[in-house]
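Written below as structure tokens is the structure these notes are about.
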């Protein structure tokens, strides 16, 4: 006969341990009941301390009462003016004999005829209306300030019901190409930052009154993780450090007991990434920057175990010896006031290692500002222009945001571009002459560069929107020819008049290894990626390319392929091997076979109708 196994034996069998240490189930239930009663008591105490409906209702009544008083006051003043106008009009249109007027009306009647009564009244009335208009403007301004204050101070509260969007940048090569991202509340105190359906970071919100720092550098968002302690009120206290991919510390500093930064801090620059190891170093006082701050690069951090502080030491990075000569550059000084404003001479890094030098007065740029690189490849006075009240004026020379050997020349009026020309590549680009910074006509836009070759977009703008066919092209910097080599056929890059991408596209992106090119092949509809997209990653042999030797071929083959793209036409790019051809008349078929072997990764995934990633994806690291 089979006897049932005692529950205690089962527990011992599954979990192990001494059965003498096990609690009877009834005791467990009693303990849970006590915990529940304690929790309910604490909940009731909090509810009594914070009576939510009454507080909101009183605030509603207060605000409605203020607006009612303002509205009635404006209305009463307006009615008073209308009444006085009616008095004058009735007297002048009554057609009564003088004997029929009252003494007061007769006095007004005589003043109308013999004095400037009406002119004086019109003048006074105009003064009243001017003051009312001024009051309305003040009211509008204060309402906007109040709205902004509420939005900023109560961000954590207001955001509970909203899905917010912001523009981020994905990596060093496309940091000035905006990528739409979303902030979504998954729980009342938890937010997720997403991009194209991918969850980049999940954060618990402890402070409902202040807006959290929104990191737009998506590389930092994905790869940097902070470590530190929270105090009793959930504010950061003590030493906090940030690690890049759990390997290298890229920021560190201390918080006071009330969550304020103090003492010396090391912080990442806005556009920090693996290639740009650029940091800011100096001191905080009560959460404000003080004194002279410095940029440092190529640094590593070594912790002194007994002291608990961090010290800087020179970091030797192979293959990047151009930046070894200088390890720190003075930035400038903060005035030490309540708002910690920039003042005096400053050096700023607007992109990677491009210095922007000039003068601040109370955080406003004034006088001439010059640009140069750390290696001084650009002559200091050859790039830059004048600022007045922080606004660009006159003729400026500017470096491209991603390629320092590309420059633009043009004129500013009140901080807006009037006419702009692209130097060092080919062709010209123009802004509208009205100075609204609306792009018009033919444009060439820089994408990235590998070796001595720049990859660029070419197409037409109408009133700031891309229209017609847009193509990829490339330009050899070493070549003296003012020519552009076409890479892709036009039909792949069609845009409608509304500036939205549509149809089949082939897009390029540079990998973290500078000799890697990533191809994205798929379909757009109303500027959103749909259905299946394929990813190809290709590596060159030496990172150098030769346009003349047909390394960049404009040939694209369309064929049926075994990829998941529903047997649609799959694009296979030819001639991107980077291998030197011995003859211009080379065998295309052999070249095709060589190129197919050089795809070091093939992957992809699917998008839904909203342009969000769905299902399983195979992506390159």
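Residue numbers (my numbering): 10 to 630.
All C-beta atoms in this analysis are idealised placements derived from N, C-alpha and C, irrespective of residue type, glycine included.
Everything numeric in this text was worked out from a predicted model, so none of it was measured.
| query | result |
| --- | --- |
| Burial state of residue 543 (16 or more Cβ within 10 Å) | buried |
| Within 8 Å, strictly: CB atoms of residue 163 and residue 218 | yes |
| Contact check, residue 200 vs residue 208, beta carbons under 8 Å | no |
| Assigned exposure category for residue 75 - 16 Cβ within 10 Å defines buried | exposed |
| Per-residue DSSP class, three states only, for residue 97 | helix |
| Beta-carbon proximity of residue 236 to residue 253, cut-off 8 Å | no |
| Contacting residues, own chain, Cβ-Cβ under 6 Å from residue 623 (five flanking each side not counted) | 615, 617 |
| Local Cβ density within 10 Å of residue 320, reported as buried at 16 or more and exposed below that | With a pLDDT of 34 at residue 320, under the threshold of 50, the modelled position of this residue cannot be trusted; read the value that follows with caution. So residue 320 ends up on the exposed side. |
| Unbroken alpha helix (DSSP H) run spanning residue 148, endpoints | 126 to 162 |
| C-beta atoms of residue 621 and residue 205 nearer than 8 Å | yes |
| Reduced DSSP secondary structure (H/G/I, E/B, other) of residue 470 | strand |
| Residue 274 CB to nearest heavy atom of the ligand FAD below 7 Å | No copy of the ligand FAD occurs in the structure displayed, which carries no ligand at all. |
| Distance, residue 264 Cα to residue 173 Cα | 29 Å |
| Through-space distance from residue 158 to residue 295, alpha-carbon basis | 21 Å |
| Beta-carbon spacing of residue 137, residue 121 below 8 Å | no |
| Residue 223: first and last residue of the uninterrupted beta strand (DSSP E) it sits in | Where residue 223 is concerned, there is no enclosing beta strand (DSSP E), given that its DSSP letter is neither H nor E. |
| Host alpha helix (DSSP H) of residue 196 (start-end) | It is not in any alpha helix (DSSP H) - residue 196 instead sits in the beta strand (DSSP E) that spans 188 to 196. |
| Reduced DSSP category for residue 242 - H, G, I as helix; E, B as strand; rest coil | coil |
| Residue 213 versus residue 140 - alpha carbon distance | 49 Å |
| Three-state secondary structure assigned by DSSP to residue 287 | strand |
| As assigned by DSSP and simplified to three states, the class of residue 172 | coil |
| Buried or exposed (CB count within 10 angstroms, at least 16 for buried), residue 228 | buried |
| Integer Cβ distance of residue 613 from residue 541, believed to fall under 8 Å | 6 Å |
| Supposed contact pair residue 241 and residue 178 - C-beta distance, whole angstroms, cut 8 Å | With a Cβ gap of about 37 Å, residue 178 and residue 241 do not count as contacting. |
| Alpha carbon of residue 114 to alpha carbon of residue 123, nearest angstrom | 14 Å |
| For residue 150 and residue 104, the rounded distance between their alpha carbons | 48 Å |
| For residue 5, the nearest candidate out of 189, 215, 190 (CA to CA) | This structure does not reach residue 5, given that the chain is present from 10 up to 630, and the question cannot be answered. |
| Identity of the residues DSSP links to residue 262 by a beta bridge | 249 |
| Residue environment, residue 202, which counts as buried when at least 16 other CB atoms sit within 10 Å | buried |
| Length of the line joining the Cα atoms of residue 33 and residue 41 | 13 Å |
| Residue(s) in a DSSP beta bridge with residue 543 | 530, 613 |
| Residue 298 burial status per 10 Å Cβ neighbour count (16 or more: buried) | buried |
| Whole-angstrom distance between residue 94 and residue 77, CA atom to CA atom | 26 Å |
| Residue environment, residue 273, which counts as buried when at least 16 other CB atoms sit within 10 Å | exposed |
| Residue-chain proximity (residue 84, chain B), Cβ-Cβ < 8 Å | Although the question refers to chain B, the structure presented lacks it and comprises just one protein chain. |
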